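Input: a single structure, listed below in structure tokens.
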Amino acid sequence: MEGLNTRAERRLRDELIIWLTTVSPSGQPQTSAVWFLWDGADFLIYSLPGTARTRNIEANPRVSLNLDGDGQGGSVVTIEGEARIDLGGPASKEVPEYSAKYRDKIAGYSWTPESFAVDYPIAIRITPTRARSW
Numbered sequence: 001m002e003g004l005n006t007r008a009e010r011r012l013r014d015e016l017i018i019w020l021t022t023v024s025p026s027g028q029p030q031t032s033a034v035w036f037l038w039d040g041a042d043f044l045i046y047s048l049p050g051t052a053r054t055r056n057i058e059a060n061p062r063v064s065l066n067l068d069g070d071g072q073g074g075s076v077v078t079i080e081g082e083a084r085i086d087l088g089g090p091a092s093k094e095v096p097e098y099s100a101k102y103r104d105k106i107a108g109y110s111w112t113p114e115s116f117a118v119d120y121p122i123a124i125r126i127t128p129t130r131a132r133s134w
């Protein structure tokens, strides 16, 4: 993706948490820490049903994603994009890369891949429109 350096691309593959900011219908930004998968073209996030996050995306698909910096103003990654609820998307347990990335986290919360997929059935896809890293 244009605008990202090699370190940022690596972080998008390896980091476990990214900050997703959506905007409510009243214009209030709302930021949440989420698990994600970056495939080099789109982000895949799974959500609980009926959340403010999903309602916000349905009302306004413009979102931003951010990785934590290094605490000194460096290693910052920001991405702007268009989000969509992917009603026909695969369950998390059917995405081998997602299951492998979060295997330990899922087990740590006493989920199985199957129970996580039941609890978090809403697939959100985000296509980047702009990226910056420094």
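Heads up, the sequence shown is in my numbering, so the first residue is 1 and it goes up one at a time.
Ideal Cβ positions, reconstructed from N, Cα and C, are used throughout, including at glycine.
As the structure is a prediction and not an experimental result, all values here were calculated from the model.
What number of angstroms, rounded off, separates the C-alpha of residue i from the C-alpha of residue j?
i, j, result
"Thr-31", "Leu-20", "5 Å"
"Ala-91", "Ala-131", "27 Å"
"Arg-55", "Glu-80", "18 Å"
Give me whichever residues DSSP pairs with residue i in a beta bridge.
i, result
"Tyr-102", "In DSSP, Tyr-102 forms no bridge with anything."
"Ile-17", "DSSP output for Ile-17 lists no bridge partner at all."
"Pro-121", "For Pro-121, which the question treats as bridged, DSSP gives no partner whatsoever."
DSSP three-state label for residue i, please.
i, result
"Gly-81", "strand"
"Thr-54", "helix"
"Leu-12", "helix"
Here's the rule: buried if 16 or more other CB atoms are within 10 angstroms of the residue's CB, otherwise exposed. What is residue i?
i, result
"Tyr-46", "buried"
"Ser-133", "buried"
Relative to the C-alpha of residue i, which candidate in the options has its C-alpha closest?
i, options, result
"Thr-51", "Ser-64, Val-34, Asp-42 and Ser-133", "Val-34"
"Asn-66", "Phe-36, Ser-110, Glu-114 and Ser-26", "Phe-36"
"Ile-126", "Gly-89, Gln-28 and Ser-24", "Gly-89"
Beta carbon of residue i: closer than 6 Å to some heavy atom of the ligand MN?
i, result
"Ala-107", "The ligand content of the structure shown is nil, which means the ligand MN is not present either."
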